[in-house]
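S.K.:
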Amino acid sequence: MSDNQISMGDLFPDLSPENPIISGVAHDKSEALVTLRRIPDEPGVAARVFTTLADEGINVDMIVQASASTGTADISFTFPGTEAQRVQNVMEENHDILRYESFDVDMNVGKVAVVGVGMKTHAGLAARFFNALSDKNINILMISTSEIRIAALVPLDQLDEAIRALHTAYGLDADKVEAVVYGGTGR
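The sequence shown begins at -15 in the working numbering and counts up by one.
1) My parser needs the alpha helix (DSSP H) runs of 4 or more residues fully inside the region 88 to 152; what are they?
2) I want to see whether chain B comes within less than 9 Å of residue 142, judged by CB atoms only; does it?
3) Among the residues of its own chain, which have a CB less than 6 Å from the CB of residue 131, if the five just before and after it don't count?
4) Can you give me the start and stop residues for the beta strand (DSSP E) that residue 15 sits inside?
5) Do residue 45 and residue 15 count as a contact pair if the criterion is CB distance below 9 Å?
6) Which first and last residues belong to the beta strand (DSSP E) in which residue 56 is found?
7) For residue 47, list the residues DSSP reports as bridge partners.
8) Of the choices 141, 123, 43, 136, whose alpha-carbon is the least far from that of residue 74?
9) Across the region 84 to 103 and the region 6 to 23, are there enough close Cβ pairs to call them in contact, namely three or more that are closer than 8 Å?
10) Let me check understanding here. Comparing Cα to Cα, which of 26, 67, 40, 77 lies closest to residue 52?
11) Which of the three DSSP states, helix, strand or coil, is assigned to residue 80?
12) Per the DSSP calculation, residue 9 is bridged to which residue(s)?
13) In this structure, what does DSSP give as the bridge partners for residue 86?
14) Using a Cβ-Cβ cutoff of less than 8 Å, which residues in the same chain neighbour residue 36 once the five nearest sequence positions on both sides are dropped?
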């Protein structure tokens, strides 16, 4: 390895018991979900959908496309719930361009995520995430992952239970974690 290359060990040093693999659970109650149903399953469709939204300045977060054997697909995406009326208007105004059969907006969703650099180097963390939610009979609507995060969209009325389940699953319950509060400037 040359002197100017950084190894994975440099980026993600060995995590000891003092350094948690999962450092936190985050959530967002302000999400909304749109599903475009039976949209043509052909190249460029997703580009049209998300270009249309981008042109209107609408940010999207999680995206899922599910294809059917009928030559159509469903595309679902989340966005800030405060934009629901605007997203609905954009979808209606662009029906002929997007060529979906129907769409619906669901405001009763929330996102829960676990975050930690240990996800890059430790197996089984996704299994623990999904088992924790399954054990509480929490339905998962969408999944999003990155090298340091697993997120799930769940029904809003199950979000608080999902947060508690994940805190417990990763040993982050309040009585097990010491909180550190910084005063002053934090420098």
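Don't be surprised by glycine CBs; every beta carbon is placed ideally from N, CA and C.
M.R.: Put simply:
1) 109 to 119
2) Among the chains in the structure shown there is no chain B, since it carries only a single protein chain.
3) 104
4) 15 to 24
5) yes
6) 56 to 64
7) 61
8) 43
9) yes
10) 26
11) helix
12) 98
13) 21
14) 74, 78, 81, 82
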